[in-house]
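Novice: Take a look at this one; I'll ask things after.
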Amino acid sequence: MYIHCLDVQIVFMFLERFIQYIKFEKRYSPHTVSAYESDLDQFMLFLNSPGNAGIVPEPAVTHPNQISYHDIRNWMVELIDQKLTARSVNRKMATLRKYFKFLLQEGIITENPTSKVRSQKIPKKLPVVVEGDHLAQMLDSDEVFAADFTGQRDKLVVEMLFGTGMRLAELLGIKDQDINDYEGTLKVLGKRNKERIIPINTELRILLGKYLELKKNQNFDNNSATLIVTSKGADAYPKLIYSIVHKYLSNISTQDKRSPHVLRHTFATSLLNNGADLNSIKELLGHANLSATQIYTHNSVERLKSIYKQAHPKA
1 MYIHCLDVQI VFMFLERFIQ YIKFEKRYSP HTVSAYESDL DQFMLFLNSP
51 GNAGIVPEPA VTHPNQISYH DIRNWMVELI DQKLTARSVN RKMATLRKYF
101 KFLLQEGIIT ENPTSKVRSQ KIPKKLPVVV EGDHLAQMLD SDEVFAADFT
151 GQRDKLVVEM LFGTGMRLAE LLGIKDQDIN DYEGTLKVLG KRNKERIIPI
201 NTELRILLGK YLELKKNQNF DNNSATLIVT SKGADAYPKL IYSIVHKYLS
251 NISTQDKRSP HVLRHTFATS LLNNGADLNS IKELLGHANL SATQIYTHNS
301 VERLKSIYKQ AHPKA
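Mind the numbering: the sequence shown is residues 1 to 315 in full-length UniProt numbering, read in order.
So this is what it looks like as structure tokens:
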């Protein structure tokens, strides 16, 4: 492993310029910016690690121009040795590619050390979904969700994720004023701060109205404008949403994965199975390109195979 002692001030200066670039010029989400910062901090820590016994340190690096392909390759090997998944390793390599591309564009380095780095192969996995009919039956039941504020809030969380296909971060960012009851639409702020309008069905509109009335009657001290709040009125947080979704999906599914994203996958798969076209699903999900949406066609193909095997005498 190559051992470097990067000049802290120089490193911080270039990293800060890059973070400002992706935050304000590229308008990446706070979550994405935080992930980039974490990846780059880990890489710099690796470069400054004391190393293994018997390895002779190289001369100190005082400029990013001195970081080589071998440094990046060695970090990749260490990440693999740490049993990180191929997807996680690729994400960290993508961060480095973005960072060094920025440095190259700014004229800070003369050669991009990530140009020869190849991504790890990722085994193809079908999106995990739950049975849409079972989920709909649970949401229609009067016995599953309590009639009080917390019960109706939990129902709204599940209904919103399944009924709109929005991401967890998008759900947490919705404000009361983002709901247009007259038009039957909802405004969400997606990745890279891109706004999109999502239609909401009649049942969800009724549930939203009931929830907002219950929320108002709670007389919370902080009177948060955020739509989903805790039982004490504070803004909801990711762990709370995960807990809610896991709790209620346990009623209809025995699979290990019972996360908010499962409901997003179920939303998209249900639309596709019922005749919606890919471009419409793409717009509803807020995908940047169609290739991200096409993964749901695999679920439909598997469903067709299953139907064929059950129904055809020659299957």
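Positions of the beta carbon are idealized from the N, C-alpha and C atoms, including for glycine.
Fair warning: this is a prediction, and the values are worked out from it, not measured in the lab.
Is DSSP giving V129 helix, strand or coil here?
Specialist: For the purposes of this step, residue 129 is identified with residue 129 of the sequence shown, where counting begins at 1. Residue state, collapsed to three classes: coil.
Novice: Would you mind sorting K155 into buried or exposed? The rule is 16 or more other CB atoms within 10 Å of its CB.
Specialist: Residue 155 sits at position 155 when you count from the first residue of the sequence shown. Buried: at least 16 other Cβ atoms inside 10 Å.
Novice: Pick out whichever of N289, T269, H298, G275 has its Cα sitting closest to the Cα of E131.
Specialist: For the purposes of this step, residue 131 is taken as the residue at position 131 of the sequence shown. Selected option, being the one with the closest Cα: T269.
Novice: Which of the three DSSP states is assigned to L84 in this structure?
Specialist: One-based indexing of the sequence shown puts residue 84 at position 84. In this structure, L84 counts as coil in the three-state DSSP scheme.
Novice: Could you check whether F162 and G135 sit closer than 9 Å to each other, using their CB atoms as the reference points?
Specialist: As a first step, residue 135 is located in the sequence shown; it is residue number 135 there, counting from the start. As a first step, residue 162 is located in the sequence shown; it is residue number 162 there, counting from the start. Checking the displayed sequence, the identity of residue 135 turns out to be Leu instead of Gly. For L135 and F162, yes; Cβs fall inside 9 Å.
Novice: Quick one, which of N112, P199, A288, V188 has its alpha-carbon nearest Q177's?
Specialist: Here residue 177 refers to the residue found at position 177 of the sequence shown. Ranking N112, P199, A288, V188 by Cα distance to Q177 puts V188 first.
Novice: Compute the beta-carbon to beta-carbon distance between E159 and L139, rounded to the nearest angstrom, for a pair I have assumed lies under 8 Å.
Specialist: Numbered from its first residue, the sequence shown carries residue 159 at position 159. Numbered from its first residue, the sequence shown carries residue 139 at position 139. 6 Å between Cβ atoms; contact.
Novice: Cα-Cα, which of K194, K216, Y182, N193 is closest to I200?
Specialist: Taking the sequence shown and counting its residues from 1, one reaches residue 200 at position 200. Answer by Cα proximity: Y182.
Novice: In chain order, what residues of the same chain lie with their CB nearer than 6 Å to the CB of I150, ignoring the 5 residues before and after it?
Specialist: As a position in the sequence shown, residue 150 is number 150, starting the count at 1. Checking the sequence, you will find Thr at residue 150 rather than Ile. Once the five neighbours on either side are set aside, the close Cβ partners of T150 are S231.
Novice: Checking contacts by CB at 9 Å: is L161 closer than that to chain B?
Specialist: Absent here is chain B; the protein component of the structure consists of one chain.
Novice: Leaving out the 5 sequence neighbours to the left and right, which residues in its chain are closer than 8 Å to E195 when beta-carbon positions are compared?
Specialist: As a position in the sequence shown, residue 195 is number 195, starting the count at 1. K187, V188, L189, listed in sequence order.
Novice: Can you tell me the Cα-Cα spacing of residue 329 and T95, whole angstroms?
Specialist: Coverage of the chain is limited to positions 1 through 315, which leaves residue 329 absent and any answer about it impossible.
Novice: So, is A236 buried or exposed, given that buried needs 16 or more other C-beta atoms within 10 angstroms?
Specialist: Residue numbering aside, residue 236 sits at position 236 when the sequence shown is read from its first letter. The residue in question, A236, is buried, as its Cβ has 16 or more Cβ neighbours within 10 Å.
Novice: Where G233 and F220 are concerned, what is the direct C-alpha to C-alpha distance, given to the nearest angstrom?
Specialist: For the purposes of this step, residue 233 is identified with residue 233 of the sequence shown, where counting begins at 1. For the purposes of this step, residue 220 is identified with residue 220 of the sequence shown, where counting begins at 1. Looking at the two C-alpha atoms, the distance is approximately 5 Å.
Novice: Within this structure, are the beta carbons of L15 and Y99 separated by less than 9 Å?
Specialist: One-based indexing of the sequence shown puts residue 15 at position 15. One-based indexing of the sequence shown puts residue 99 at position 99. In this structure, Y99 lies closer than 9 Å to L15 by Cβ.
Novice: Between the segment 35 to 42 and the segment 82 to 90, do at least 3 Cβ pairs fall closer than 8 Å?
Specialist: The segment 35 to 42, when compared against the segment 82 to 90, does not touch it at the 8 Å Cβ threshold.
Novice: What residues are listed by DSSP as bridge partners for P30?
Specialist: As a first step, residue 30 is located in the sequence shown; it is residue number 30 there, counting from the start. BP columns for P30 are empty, so no partner.
Novice: Between which two residues does the alpha helix (DSSP H) containing K232 stretch?
Specialist: As a first step, residue 232 must be located in the sequence shown, where it is residue number 232. Counting along the chain, K232 falls outside any alpha helix (DSSP H), and DSSP gives it neither H nor E.
Novice: Which residues in the same chain as N222 place their Cβ atom closer than 6 Å to its Cβ, once the five residues preceding and following it in sequence are excluded?
Specialist: Position 222 of the sequence shown, counted from the first residue, corresponds to residue 222. G233, listed in sequence order.
Novice: Check R205 in the structure and name its three-state DSSP category.
Specialist: Position 205 of the sequence shown, counted from the start, is the residue given in the question as residue 205. Note: R205 maps to helix in three-state DSSP.
Novice: Which residue comes first and which comes last in the beta strand (DSSP E) that contains I198?
Specialist: One-based indexing of the sequence shown puts residue 198 at position 198. Residues 195 to 199.
Novice: To the nearest angstrom, how far is the alpha carbon of K124 from that of Q255?
Specialist: Numbered from its first residue, the sequence shown carries residue 124 at position 124. Numbered from its first residue, the sequence shown carries residue 255 at position 255. Approximately 19 Å between the Cα atoms of the pair.
Novice: Hey, would you say G107 sits closer than 9 Å to L263, going by beta carbons?
Specialist: Walking along the sequence shown from the start, residue 107 turns up at place 107. Walking along the sequence shown from the start, residue 263 turns up at place 263. Cβ distance not < 9 Å, so G107 and L263 don't count as in contact.
Novice: So, L249 versus R153, is the Cβ gap smaller than 9 Å?
Specialist: Taking the first residue of the sequence shown as position 1, residue 249 is located at position 249. Taking the first residue of the sequence shown as position 1, residue 153 is located at position 153. No, Cβ-Cβ distance for L249 and R153 is not below 9 Å.
Novice: Since I believe I228 is in contact with L171 (beta carbons under 8 Å), could you give me their beta-carbon distance rounded to a whole number of angstroms?
Specialist: Counted from its first residue, the sequence shown places residue 171 at position 171. Counted from its first residue, the sequence shown places residue 228 at position 228. Confirmed, about 6 Å.
Novice: Per DSSP, I179 forms a beta bridge with which residues?
Specialist: As a first step, residue 179 must be located in the sequence shown, where it is residue number 179. According to DSSP, which records beta bridges pairwise, I179 is partnered with L186.
Novice: Mark R118 as exposed unless 16 or more other C-beta atoms lie within 10 angstroms of its C-beta, in which case mark it buried.
Specialist: By 1-based counting over the sequence shown, the position of residue 118 is 118. Looking at its Cβ environment, which holds fewer than 16 other Cβ atoms inside 10 Å, R118 is exposed.
Novice: Report the option in S88, L104, Y211 whose CA atom is closest to the CA atom of A146.
Specialist: As a working note, residue 146 is residue 146 in the sequence shown. Looking at the Cα atoms, Y211 is the closest of the given residues.
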